[in-house]
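Colleague: So the protein lines, in turn, are chains A, B, C, D, E and F.
For what it's worth, this note's numbering labels the leading residue of the first sequence as 181, then goes sequentially.
For what it's worth, this note's numbering labels the leading residue of the second sequence as 181, then goes sequentially.
For what it's worth, this note's numbering labels the leading residue of the third sequence as 181, then goes sequentially.
For what it's worth, this note's numbering labels the leading residue of the fourth sequence as 181, then goes sequentially.
For what it's worth, this note's numbering labels the leading residue of the fifth sequence as 181, then goes sequentially.
For what it's worth, this note's numbering labels the leading residue of the sixth sequence as 181, then goes sequentially.
Quick reminder that beta carbons are idealized off the backbone N, C-alpha and C, glycines included.
Protein chains: 6
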Amino acid sequence: MKTAVYRKEHFNAAHRLHNPAWDDEKNSRVFGKCNNPNYHGHNYELIVKLIGEIDTETGYVYDMKELSDLIREHVISKFDHKNLNLDVPHFKNLNPTAENIAIVIYQLLREQIGADIDLKVILYETPRNYVEYPV
Amino acid sequence: MKTAVYRKEHFNAAHRLHNPAWDDEKNSRVFGKCNNPNYHGHNYELIVKLIGEIDTETGYVYDMKELSDLIREHVISKFDHKNLNLDVPHFKNLNPTAENIAIVIYQLLREQIGADIDLKVILYETPRNYVEYPV
Amino acid sequence: MKTAVYRKEHFNAAHRLHNPAWDDEKNSRVFGKCNNPNYHGHNYELIVKLIGEIDTETGYVYDMKELSDLIREHVISKFDHKNLNLDVPHFKNLNPTAENIAIVIYQLLREQIGADIDLKVILYETPRNYVEYPV
Amino acid sequence: MKTAVYRKEHFNAAHRLHNPAWDDEKNSRVFGKCNNPNYHGHNYELIVKLIGEIDTETGYVYDMKELSDLIREHVISKFDHKNLNLDVPHFKNLNPTAENIAIVIYQLLREQIGADIDLKVILYETPRNYVEYPV
Amino acid sequence: MKTAVYRKEHFNAAHRLHNPAWDDEKNSRVFGKCNNPNYHGHNYELIVKLIGEIDTETGYVYDMKELSDLIREHVISKFDHKNLNLDVPHFKNLNPTAENIAIVIYQLLREQIGADIDLKVILYETPRNYVEYPV
Amino acid sequence: MKTAVYRKEHFNAAHRLHNPAWDDEKNSRVFGKCNNPNYHGHNYELIVKLIGEIDTETGYVYDMKELSDLIREHVISKFDHKNLNLDVPHFKNLNPTAENIAIVIYQLLREQIGADIDLKVILYETPRNYVEYPV
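#1: Quick one: measure Cβ to Cβ for residue 213 of chain B and residue 267 of chain C, integer angstroms, because I've assumed they're closer than 8 Å.
#2: Would the segment 190-197 of chain C and the segment 223-242 of chain C be scored as touching if the rule is three or more Cβ pairs under 8 Å?
#3: Residue 284 of chain E by DSSP, collapsed to three states: which one?
#4: Assuming residue 200 of chain D and residue 182 of chain F form a contact by the criterion Cβ under 8 Å, report the distance between their Cβ atoms to the nearest whole angstrom.
#5: Tell me the rounded alpha-carbon separation between residue 211 of chain F and residue 197 of chain F.
#6: Can you list, in chain order, the residues of its chain with a C-beta nearer than 7 Å to that of residue 258 of chain F? Leave out the 5 residues immediately preceding and following it.
#7: Can you find the residues in the same chain that come closer than 6 Å, C-beta to C-beta, to residue 242 of chain B, ignoring five residues on each side of it along the sequence?
#8: Thinking just about the alpha-carbon of each residue, which of E:275, E:252, E:278 and E:310 is nearest to the one in residue 289 of chain E?
#9: I'd like the ranges of any alpha helix (DSSP H) spanning at least 4 consecutive residues and lying wholly in the segment 231-259 of chain A.
#10: What is the DSSP secondary structure of residue 195 of chain B, reduced to helix, strand or coil?
#11: Using a Cβ-Cβ distance cut-off of 8 Å, determine whether residue 252 of chain F contacts chain C.
#12: For residue 325 of chain C, name the three-state secondary structure that DSSP assigns.
#13: Can you give the beta carbon distance from residue 232 of chain A to residue 280 of chain E, rounded, assuming they're within the 8 Å contact cut?
#14: Under three-state DSSP, which class holds residue 279 of chain B?
#15: Give a yes or no on whether 8 Å exceeds the smallest Cβ distance from residue 269 of chain C to chain D.
#16: Could you check whether the Cβ of residue 239 of chain E sits closer than 8 Å to any Cβ belonging to chain A?
#17: Taking only three categories from DSSP, how would you classify residue 206 of chain A?
#18: In chain order, what residues of the segment 219-230 of chain F put their CB closer than 7 Å to some CB of chain E?
#19: Taking its Cβ as the centre, do 16 or more other Cβ atoms sit within 10 Å of residue 217 of chain F, making it buried, or is it exposed?
#20: Out of A:310, A:285 and A:308, which one is the CA nearest neighbour of residue 299 of chain A?
#21: Tell me whether residue 215 of chain A is buried or exposed, calling it buried when 16 or more other Cβ atoms sit within 10 Å of its Cβ.
#22: Relative to chain F, which residues along the segment 286-314 of chain D have a C-beta separation below 8 Å, given in chain order?
#23: In chain order, what residues of the same chain lie with their CB nearer than 6 Å to the CB of residue 302 of chain D, ignoring the 5 residues before and after it?
#24: So that I know if they touch, is there some Cβ in chain F lying closer than 8 Å to that of residue 193 of chain E?
#25: For a test of the three-state rule: what should DSSP assign to residue 274 of chain A, helix, strand or coil?
#26: With distances taken Cα to Cα, identify the nearest neighbour of residue 275 of chain D among D:202, D:187, D:188 and D:189.
#27: Would you say residue 185 of chain E faces chain B, with C-beta separation under 8 Å as the test?
#28: How about residue 204 of chain C: is its C-beta nearer than 8 Å to some C-beta of chain B?
#29: Can you name, in chain order, every residue of its own chain whose Cβ lies under 7 Å from the Cβ of residue 254 of chain B, other than the five neighbours on each side?
#30: What whole-angstrom Cβ distance do residue 219 of chain E and residue 263 of chain E have, given they're in contact under 8 Å?
#31: Taking the alpha helix (DSSP H) that residue 265 of chain A falls in, what are its first and last residues?
#32: On the DSSP bridge list, what partners appear for residue 213 of chain C?
#33: Residues in the same chain with beta-carbon distance under 7 Å from residue 283 of chain A, minus the five sequence neighbours each way, listed in chain order, please.
#34: Counting only the same chain and skipping the five closest in sequence on each side, list residues whose C-beta sits under 8 Å from that of residue 309 of chain B.
#35: Looking at the unbroken beta strand (DSSP E) that takes in residue 313 of chain F, where does it start and where does it end?
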């Protein structure tokens, strides 16, 4: 039977929800306060879940120090204290909803982790709103 | 691959665990302190999980503002600051255990959310006891 | 310089806010949903703070095991899974607001703890509403 | 002896730390990542503490519903989903550090609450950094 | 559809990560600070998840009081305030990583709970590192 | 009026409560499970509180990055993943109760922070037991 390990990290960022294919009135109606042209922001709490077999020599599914370093190098360094719309190229043409941020993080980490390990990303935009990808 | 979104709300309620088919001695033995005829209560923390595809126009699985409004209209307004046994008709003939409360909430919300979206309800009765329906 | 030690315990109870000197209309207007005649309830989180000198032999201001036992004997056993209005004599003629519950807990514990130790009670009615007595 | 009551609310905002009297190099050196010209953001958790006497008729130091309404009207409506530097006039000439945000919130609420009540503001910028004003 | 119930308990323990088949240099390189020969420790938060059908007479999947008693008797009493490497026989020849501790807890509880109930163990080693077995 | 700023850090350590002036029976009676000769451990959560005037140029009482670095250099590097009794010289002749650990941390940081700033240390040994020095 497989085991899951979870590592929690965090980053703080500004963002704005906006669909450039819509006019201002529709953007405001659909995205409400989240459409503020001057941005707002969040303390994002990121949980990375890895599922795999336990290595019998280490007793680890994955070294949590190594996972933390991977997350910091490939995600936190790019997202922390940034404006997601302006500073992070992945959102140049992608609306930075929590769902889309989770998918981008998934893609960034998927390349770094061996194919024998399943990966899931859980992202808290606020303590009351969060997402998980994939399910 | 599908994505899950979670929304957390809360309500405060009184309840009593009791099976009217049993005598007082058996009710007291099975339900212990939770059988107090004068009721006790909890701060219930409710997490609603929706699983679906991301809408490419909005970047949302579901609008969290709309989900929050649905939960408040169909659940919180009926349960908050209520006595579940006396004030909520669904528990007239149903013991208000955390399990049964979660199922009632599931049924109330299932009617409001399109069939393309999977729904799960997570209900904290205390920070140490919680339930999830369905699994 | 003095040191403070804190111990956290919890109890679950039903209550109703009501002033018998007022008519129903005024009770409803002042206490809103909290005046529900059938009661509602909370998971109360109780923090007891003791301030004193550190005993040089033990390194303790107070033995936390002993404090936990005192709180369980003199507070939790009387309040947990109870209806504060009906089951707890201290609230026969006292409205069980968080403020008043904290004062009753203070009085119950004050008798048990030596006069060389200062005592404060912090009581969370919900994660968003809490009180402290005395200040 | 006086009693304290606490109410917790929250808002999400973007901000940037910057002193216009300094050149870019010094701003970057002093404020680090917080000086990002495109802003970053936080989920601010705000705790308002009121200290006063308990009203014997209500058992309240202050009606928490009324306090919540005051905070929402005078603080949250102005700060939530806003860019503090651009959208909130109080920070036109004031650096929006957690310390300064807490003082502005104190001033906004101080006008609304009677002089017999002491007021303190606790503001979490992140779960790891927070401030209190006044001490 | 099945329902899950969760119960949270906790224990405090010392441990050291070490593979006796390796020399000191490799142990230090692989396990880093966790290899300290004098041990370090954690507040472990343990969540036990049971999945089953709701009993129509009680409204319970499982009696949480009974589950709490089982966990305390078969896990907490053996692990709490212990040195996992020295005091707990299960780790005599098994490295006490969070993954392996979760599996041992699973085995201890699996014997106590009927085969009609699925069991999962979630173990927090720190608020930032946790594991789940089985997935 | 002065302002307080708080910074939260954490470390994981093993310890044992023991008074070498007492025999084993008395140590066991007074310290209970905490006297285990093989040690147990905790995830300590450390909150450092500084009270001072806000610098008008920065808007800071203290730079939180600088405070975090000081705590990591002078406390975390010495305590994290250590056995407090064996690895930390300050506890060679001092029982590592939460109270005494807080005082040692206070002394380590007091030397690093200017006399115009008041310092307090809050230390969580578990989520249910914590201390504050000085009061």
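Modeller: According to the data block:
#1: That belief does not hold up - the Cβ atoms of residue 213 of chain B and residue 267 of chain C are roughly 11 Å apart, past 8 Å.
#2: Because the criterion of three Cβ pairs below 8 Å is met, the segment 190-197 of chain C and the segment 223-242 of chain C touch.
#3: helix
#4: Residue 200 of chain D to residue 182 of chain F, Cβ: 26 Å. No contact.
#5: 6 Å
#6: Scanning its chain for C-beta atoms nearer than 7 Å, with the 5 sequence neighbours on each side dropped, one finds around residue 258 of chain F the residues 268, in chain order.
#7: Correct list, in chain order: 185 and 230.
#8: E:252
#9: Runs of the alpha helix (DSSP H) inside the segment 231-259 of chain A: 244-251.
#10: strand
#11: Residue contact check for residue 252 of chain F against chain C: no CB pair falls below 8 Å.
#12: Residue 325 of chain C lies beyond the residue range present for chain C, which begins at 181 and ends at 315; the question has no answer from this structure.
#13: Contact flag wrong, Cβ pair sits at about 14 Å.
#14: Under the three-state reduction of DSSP output, residue 279 of chain B falls in the helix class.
#15: Residue-level contact by beta carbon fails for residue 269 of chain C and chain D, as no gap is shorter than 8 Å.
#16: No, residue 239 of chain E does not count as interfacial toward chain A.
#17: helix
#18: 219, 220, 221, 222 and 223
#19: exposed
#20: A:285
#21: With 16 or more Cβ atoms within 10 Å of its Cβ, residue 215 of chain A is classed as buried.
#22: 307, 308, 309, 310, 311, 312, 313 and 314
#23: 227 and 312
#24: yes
#25: coil
#26: It is D:202.
#27: yes
#28: With 8 Å as the cut-off, residue 204 of chain C does not count as an interface residue toward chain B.
#29: 288, 289 and 292
#30: The pair is a contact, with the Cβ atoms about 6 Å apart (cut-off 8 Å).
#31: 264-267
#32: Bridge partners of residue 213 of chain C: none, in fact.
#33: 313
#34: 278
#35: 309-313
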